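As structure tokens, the structure follows; a few thoughts come after it.
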Amino acid sequence: MKKLLLMIGSRMLQLVIMVLFLSFITFLLMKITPGDPIRTMLNVDDIAATKTDEENLMKAYEFDRPILEQYGKWVLGVLQLDLGESLISKRPVLDMILDKLPATLSLSIGGLVVLFIIAVPMGILGAVYEGRWPDYLSRWTALTGASIPSFWLGLMLIYVFSLQWNLLPVMGKGTLAHFILPSVTLGVAMAPMYIRLLRERLIATLQSPYIEAAKARGLRKKRIIFSHALRGSLIPLVTMFGLSIGSLLGGVTVIEILFSWPGMGELIVSAVMQRDYPVIQGYILIIGFLVVLSNLVVDFMYMMINPQINNGEESVS
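Plus 108 on top of the position in the sequence shown (first one is 1) and you've got the working numbering.
So, in structure tokens, the structure goes:
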């Protein structure tokens with residue numbers, strides 16, 4: 109128990125350091141990249157801005173202070189759960205993100221469900237029937253999925269299932285039917301690498317001595333696959349899942365825009381276009397925190413599947 113608590117404390121400290129590093133790099137990049145949020149703010153209000161107006165706004169938002177001072181003040185605000193205020197809408201950034209975050213997370217979960225519905229059966233079929241037609245079907249599915257850009261697939265799904273057959277809604281969020289097309293688009297885009305990884309790992313596991321011993325004991329093939337071989341093959345999948353969380357949260361932004369999904373994708377694109385720095389900074393902080401936290405959870409799953417792994421020596425994060 110003491111060792112487990114030490115590991116949790118160590119990982120939490122790593123989480124804080126990584127989030128602070130990420131937030132500082134983001135803060136620095138926003139300050140040195142082209143674009144002036146003050147001019148954007150003045151244009152939004154359609155007023156005849158003067159040099160004095162710009163200087164007054166610079167002082168009001170403390171953009172004239174040194175970068176380290178601005179960052180330090182922002183960090184103090186974060187410690188009090190205050191991510192600042194949007195330069196454009198004047199709303200608290202935390203409220204804006206919390207309004208959109210559930211929609212993004214629900215769509216990500218939908219994509220993961222589709223991913224595993226496709227990847228697990230295809231991976232198992234490819235390994236169990238290696239060299240036969242189910243294996244070719246598995247590899248063809250993985251190759252096709254990897255070759256199709258997700259935005260093109262989304263457009264084709266909209267064209268076929270919404271415009272031609274009128275079976276599913278084109279865009280928006282409201283019912284379970286609204287989840288299907290964006291979830292399928294997201295899941296299909298990520299499934300190929302899981303299919304190939306599970307297939308290869310399962311083929312190797314099925315040739316292991318302990319599987320041969322299980323066969324010699326007369327265990328049924330189904331039990332050998334699902335009770336013994338599959339469990340041993342899950343470790344690389346869990347590792348891959350931890351590494352692909354960042355890609356998932358990044359890829360979901362494109363899907364949200366394509367299907368007009370009211371998640372964080374629309375929020376961050378609008379913030380970038382308008383140079384709304386507090387919203388961008390808050391978005392990256394929350395996404396970075398979720399990615400690091402998810403990797404921490406994956407580490408625990410990793411150890412639960414294989415307790416022999418020494419804490420901290422074989423981490424995915």
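Backbone N, C-alpha and C define an ideal beta-carbon position, used for all residues, glycine too.
This one's a predicted model, so the numbers in the text were calculated from it and none came from an experiment.
Exercise for review: List the DSSP bridge partners of E320.
Suggested key: One-based indexing of the sequence shown puts residue 320 at position 212. Under the DSSP definition of a beta bridge, E320 lacks any partner.
Review point. Curious, which full-length alpha helix (DSSP H) runs of at least 4 residues does the stretch 311-360 contain?
Key: 317-324
Point to revise | Segments of 4+ residues assigned as alpha helix (DSSP H) that fall wholly inside the stretch 159-213 | key: 159-168 and 175-187
Practice item. Determine, using beta-carbon pairs with one atom in the stretch 283-301 and one in the stretch 253-269, whether at least three such pairs fall under 8 Å. Key: yes
Exercise for review: Assign N274 to one of three DSSP states: helix, strand, or coil.
Suggested key: For this step, residue 274 is matched to residue 166 along the sequence shown. Correct three-state label for N274: coil.
Review point. Any C-beta of chain D sitting closer than 8 Å to the C-beta of W273?
Key: Among the chains of the structure shown, chain D does not appear; only one protein chain is present.
Practice item. Rounded to whole angstroms, what's the CA-CA distance from S368 to V360? Just pull it up for me. Key: Here residue 368 is taken as the residue at index 260 of the sequence shown, counted from 1. Here residue 360 is taken as the residue at index 252 of the sequence shown, counted from 1. C-alpha separation (whole angstroms): 12 Å.
Check your understanding: If you run the structure through DSSP and keep just helix, strand and coil, what is P370?
Key -> Here residue 370 corresponds to residue number 262 of the sequence shown, with the count starting at 1. In the structure shown, P370 sits in coil (DSSP, three-state: anything other than H, G, I, E or B).
Review point. Can you find at least 3 beta carbon pairs, one from the stretch 272-283 and one from the stretch 193-210, that sit closer than 8 Å?
Key: no
Review point. Between A250 and the rest of its own chain, which residues show a CB-CB distance below 6 Å, the 5 nearest in sequence each way excluded?
Key: By 1-based counting over the sequence shown, the position of residue 250 is 142. Within the same chain, A250 has close Cβ partners P300, I303 and R304.
Check your understanding: Which term fits R188, buried or exposed, when burial requires 16 or more other beta carbons within 10 angstroms of its beta carbon?
Key -> The sequence position of residue 188 within the sequence shown is 80, counting from 1. The sequence given here places Gln at residue 188; Arg does not occur at that position. By the 10 Å Cβ count, Q188 comes out exposed.
**Study point:** Y410 versus I394, S341 and I266, residue with shortest Cα-Cα distance
**Key:** On the sequence shown, residue 410 is found 302 positions in, with the first residue counted as 1. It is S341 whose Cα lies nearest to the Cα of Y410.
Check your understanding: L289 and L265: beta carbons closer than 8 Å?
Key -> Within the sequence shown, the letter at position 181 stands for residue 289. Within the sequence shown, the letter at position 157 stands for residue 265. Yes, they are a contact pair.
Review point. Can you name the start and end residues of the alpha helix (DSSP H) that T249 belongs to?
Key: The count along the sequence shown starts at 1 and reaches residue 249 at position 141. W241 to S255 is the span of the alpha helix (DSSP H), which, as asked, contains T249.
Check your understanding: Would you report the Cα separation of V424 and L345, rounded to the nearest angstrom?
Key -> The residue given as residue 424 occupies position 316 in the sequence shown. The residue given as residue 345 occupies position 237 in the sequence shown. Below a pLDDT of 50, predicted positions are generally treated as unreliable, and V424, at 38, falls in that range; the measurement from the model is reported next regardless. If you draw a straight line from the Cα of V424 to the Cα of L345, it is about 11 Å long.
Check your understanding: Among the residues of its own chain, which have a CB less than 8 Å from the CB of D190, if the five just before and after it don't count?
Key -> Locating residue 190 in the sequence shown gives position 82, where the first residue counts as 1. Setting aside the 5 residues that flank it on each side, D190 is surrounded in the same chain by P200 and L202, each with a C-beta closer than 8 Å to its C-beta; the list follows chain order.
Practice item. Pick helix, strand or coil for Q382, following the three-state DSSP scheme. Key: Position 274 of the sequence shown, counted from the start, is the residue given in the question as residue 382. Looking at Q382 - three-state DSSP - the assignment turns out to be coil, as it is neither helix nor strand.
Check your understanding: Taking the alpha carbon of M348 as the point to measure from, which residue in S255, S402 and R383 has its own alpha carbon closest?
Key -> In the sequence shown, counting from the first residue as 1, residue 348 sits at position 240. M348 has its Cα closest to that of S402, out of S255, S402 and R383.
Practice item. Note down the Cα distance separating G219 from D172, rounded to an integer number of angstroms. Key: Taking the sequence shown and counting its residues from 1, the one referred to as residue 219 is at position 111. Taking the sequence shown and counting its residues from 1, the one referred to as residue 172 is at position 64. CA-CA distance, G219 to D172, rounds to 44 Å.
Practice item. Could you have a look at K281 and say whether DSSP puts it in helix, strand or coil? Key: As a working mapping, residue 281 is identified with position 173 in the sequence shown. K281 falls in the coil class under three-state DSSP.
Check your understanding: Can you find at least 3 beta carbon pairs, one from the stretch 323-332 and one from the stretch 280-289, that sit closer than 8 Å?
Key -> no
Check your understanding: Which of helix, strand or coil does DSSP assign to Y391?
Key -> Taking the sequence shown and counting its residues from 1, one reaches residue 391 at position 283. In the structure shown, Y391 falls within a helical segment according to DSSP collapsed to helix, strand and coil.
Review point. Quick one, are the C-beta atoms of Q389 and M138 less than 8 Å apart?
Key: Taking the sequence shown and counting its residues from 1, one reaches residue 389 at position 281. Taking the sequence shown and counting its residues from 1, one reaches residue 138 at position 30. Between Q389 and M138, the CB-CB gap stays under 8 Å.
Point to revise | Proximity below 8 Å, CB of P386 to CB of L195 | key: Counting from one through the sequence shown, the residue named residue 386 turns up at place 278. Counting from one through the sequence shown, the residue named residue 195 turns up at place 87. Contact: yes.
**Study point:** Nearest-angstrom Cα separation, counted from S118 out to I392
**Key:** Mapped onto the sequence shown, residue 392 falls at position 284. Mapped onto the sequence shown, residue 118 falls at position 10. Each residue's Cα considered, the two are about 23 Å apart.
Exercise for review: Closer than 6 Å by C-beta to D243: which residues in its own chain qualify, once you throw out the five before and the five after it? Chain order, please.
Suggested key: Residue 243 sits at position 135 when you count from the first residue of the sequence shown. G234 and Y237, listed in sequence order.
Check your understanding: Could you give the distance in angstroms between the alpha-carbon of V127 and the alpha-carbon of P145?
Key -> Your numbering for residue 127 matches position 19 in the sequence shown. Your numbering for residue 145 matches position 37 in the sequence shown. So the alpha carbons of these two residues sit roughly 24 Å apart.
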